[in-house]
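The block underneath contains the structure these notes are about, expressed in structure tokens.
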Amino acid sequence: DAGITQSPRHKVTETGTPVTLRCHQTENHRYMYWYRQDPGHGLRLIHYSYGVKDTDKGEVSDGYSVSRSKTEDFLLTLESATSSQTSVYFCAISEPGQGPPEQYFGPGTRLTVT
Amino acid sequence: SQKIEQNSEALNIQEGKTATLTCNYTNYSPAYLQWYRQDPGRGPVFLLLIRENEKEKRKERLKVTFDTTLKQSLFHITASQPADSATYLCALDLSRDDKIIFGKGTRLHILP
Numbered sequence: 797d798a799g800i801t802q803s804p805r806h807k808v809t810e811t812g813t814p815v816t817l818r819c820h821q822t823e824n825h826r827y828m829y830w831y832r833q834d835p836g837h838g839l840r841l842i843h844y845s846y847g848v849k850d851t852d853k854g855e856v857s858d859g860y861s862v863s864r865s866k867t868e869d870f871l872l873t874l875e876s877a878t879s880s881q882t883s884v885y886f887c888a889i890s891e892p893g894q895g896p897p898e899q900y901f902g903p904g905t906r907l908t909v910t
Numbered sequence: 187s188q189k190i191e192q193n194s195e196a197l198n199i200q201e202g203k204t205a206t207l208t209c210n211y212t213n214y215s216p217a218y219l220q221w222y223r224q225d226p227g228r229g230p231v232f233l234l235l236i237r238e239n240e241k242e243k244r245k246e247r248l249k250v251t252f253d254t255t256l257k258q259s260l261f262h263i264t265a266s267q268p269a270d271s272a273t274y275l276c277a278l279d280l281s282r283d284d285k286i287i288f289g290k291g292t293r294l295h296i297l298p
């Protein structure tokens, strides 16, 4: 998985609790992304980062926040988890400008909000 | 708004035949289009990228075409094998920046 790890890999939490998912890369890539994948919707971008402390929203950012204090780490926080946020979350990295801008994905985190 | 469609949710192909998957898009002219493979329980894996000025790209048994007039990409797997069974996703760049949008994918089953 191109030097990308996600933690935890599985989590069950209750509605209303805060949850933080972590993405860690060893590739020193500038761009990092958080996606969620749901049946019938495919992969949808939540937030992305184009450098330390530089982040922007994706198409489904409501209810999520992110932080990137180091190149290698990108955190996704659900401030108050809801059942609609039950999903599989994928982190991805890329380094545009040094060749084709393909993305490399982590193994995913399966989150269940009860 | 931009829309990307993969026209089959699932496709069954006999082993040894060529599998052809379709990706259509509307309301946009992407600079490039990508194809990814995803196995159950795993993250997508990049396969091929084709740019707007390229008609065709090949990699081993894989071939991708890109018709910007039809707004369509075709993804071919020749001499298909059961190990090619997976979900295949197409993706295109959004607003010519560093974000991409994904189609919902096509589940390909290669039957032995």
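Note that the protein sequences, when read in sequence, are chains A and B. Following our numbering, the numbering of the first sequence begins with 797 at its first residue and continues without gaps. Following our numbering, the numbering of the second sequence begins with 187 at its first residue and continues without gaps. All C-beta atoms in this analysis are idealised placements derived from N, C-alpha and C, irrespective of residue type, glycine included. Remember, it's a predicted structure, so these values are computed and weren't measured experimentally.
| message | In the DSSP output, which residue or residues are listed as bridge partners for residue 242 of chain B? | response | As a first step, residue 242 of chain B is located in the second sequence; it is residue number 56 there, counting from the start. Note: residue 242 of chain B sits in a beta bridge opposite B/251.
| said: So, at 6 Å on beta carbons, what are the nonlocal neighbours of residue 258 of chain B in its own chain, with the 5 sequence-adjacent residues on each side left out? | reply: Reading the second sequence from its first residue, position 72 is the one you call residue 258 of chain B. Excluding positions up to five away in sequence, the list reads 210.
| How would you list, in chain order, the residues of chain B whose beta-carbon sits under 8 Å from the beta-carbon of residue 890 of chain A? | To locate residue 890 of chain A, count along the first sequence from 1; it is residue 94. Within 8 Å Cβ-Cβ: 284.
| Less than 9 Å separating the beta-carbons of residue 201 of chain B and residue 218 of chain B? | If you number the second sequence from 1, residue 201 of chain B lands on position 15. If you number the second sequence from 1, residue 218 of chain B lands on position 32. No. Outside cutoff.
| Neighbour flag for residue 907 of chain A against chain B, beta carbons, 9 Å | Translated into positions along the first sequence, residue 907 of chain A becomes position 111. It does not: the Cβ of residue 907 of chain A has no partner Cβ on chain B nearer than 9 Å.
| query | Which residues in the same chain as residue 216 of chain B place their Cβ atom closer than 7 Å to its Cβ, once the five residues preceding and following it in sequence are excluded? | reply | Numbered from 1 along the second sequence, position 30 holds the residue referred to as residue 216 of chain B. Counting only Cβ-Cβ distances below 7 Å, and skipping sequence neighbours, we find 238, 278, 279.
| task | Find the residues of chain B that neighbour residue 897 of chain A, judging by a C-beta separation of less than 9 Å, and give them in chain order. | result | Position 101 of the first sequence, counted from the start, is the residue given in the question as residue 897 of chain A. Neighbours of residue 897 of chain A on chain B, chain order: 218, 220, 235, 279, 284, 286.
| Cβ-based contacts, 8 Å cut-off: residues of the stretch 225 to 251 of chain B near chain A | 227, 228, 229, 230, 231, 232, 235
| By a C-beta neighbour count over all protein chains shown, 10 Å radius and 16 as the cutoff for buried, is residue 805 of chain A buried or exposed? | As a working mapping, residue 805 of chain A is identified with position 9 in the first sequence. Classification of residue 805 of chain A: exposed, given that the 10 Å Cβ count is below 16.
| field | Separation of residue 876 of chain A from residue 240 of chain B, as counted between CA atoms | value | Position 54 of the second sequence, counted from the start, is the residue given in the question as residue 240 of chain B. Position 80 of the first sequence, counted from the start, is the residue given in the question as residue 876 of chain A. Spanning the two alpha carbons is a distance of roughly 46 Å.
| Whose C-alpha, out of B/244, B/256, B/276, is nearest the C-alpha of residue 264 of chain B? | As a working mapping, residue 264 of chain B is identified with position 78 in the second sequence. Of the candidates B/244, B/256, B/276, the one whose C-alpha sits nearest the C-alpha of residue 264 of chain B is B/244.
| Going by DSSP, which residues form a beta bridge with residue 831 of chain A? | Numbered from 1 along the first sequence, position 35 holds the residue referred to as residue 831 of chain A. Bridge partners of residue 831 of chain A: A/841, A/886.
| message | Using the Cβ count rule (16 or more neighbours within 10 Å means buried), how would you classify residue 192 of chain B? | response | Residue numbering aside, residue 192 of chain B sits at position 6 when the second sequence is read from its first letter. Residue 192 of chain B should be labelled buried.
| field | Minimum C-alpha distance to residue 253 of chain B - residue among B/236, B/267, B/268 | value | Position 67 of the second sequence holds residue 253 of chain B. Of the listed residues, the one whose Cα sits closest to residue 253 of chain B is B/236.
| task | Name, please, each residue of chain A whose Cβ falls closer than 8 Å to the Cβ of residue 290 of chain B. | result | Locating residue 290 of chain B in the second sequence gives position 104, counting from the first residue. Here the neighbours are 836, 837, 838.
| query | Given a threshold of 16 other Cβ atoms within 10 Å of its Cβ, counted over all protein chains shown, does residue 888 of chain A qualify as buried or as exposed? | reply | For the purposes of this step, residue 888 of chain A is taken as residue 92 along the first sequence, with counting starting at 1. Label assigned to residue 888 of chain A: buried.
| query | Any idea if residue 897 of chain A is buried or exposed, counting beta-carbon neighbours within 10 angstroms, 16 or more meaning buried? | reply | The count along the first sequence starts at 1 and reaches residue 897 of chain A at position 101. It counts as buried.
| Is residue 287 of chain B near residue 872 of chain A, with beta carbons less than 9 Å apart? | Working through the second sequence from its first residue, we reach residue 287 of chain B at position 101. Working through the first sequence from its first residue, we reach residue 872 of chain A at position 76. Not in contact: residue 287 of chain B and residue 872 of chain A (Cβ atoms no closer than 9 Å).
| What residues from chain A crowd round residue 275 of chain B, counting only those whose CB sits closer than 9 Å? | Working through the second sequence from its first residue, we reach residue 275 of chain B at position 89. Those within 9 Å of residue 275 of chain B in chain A are 838, 839.
| What first and last residue would you give for the beta strand (DSSP E) that runs through residue 825 of chain A? | Taking the first sequence and counting its residues from 1, one reaches residue 825 of chain A at position 29. Taken as a continuous stretch (DSSP letters only), residue 825 of chain A belongs to no beta strand (DSSP E), as it is neither H nor E.
| said: By the three-class DSSP mapping on this structure, what secondary structure does residue 217 of chain B have? | reply: Locating residue 217 of chain B in the second sequence gives position 31, counting from the first residue. Coil, per DSSP.
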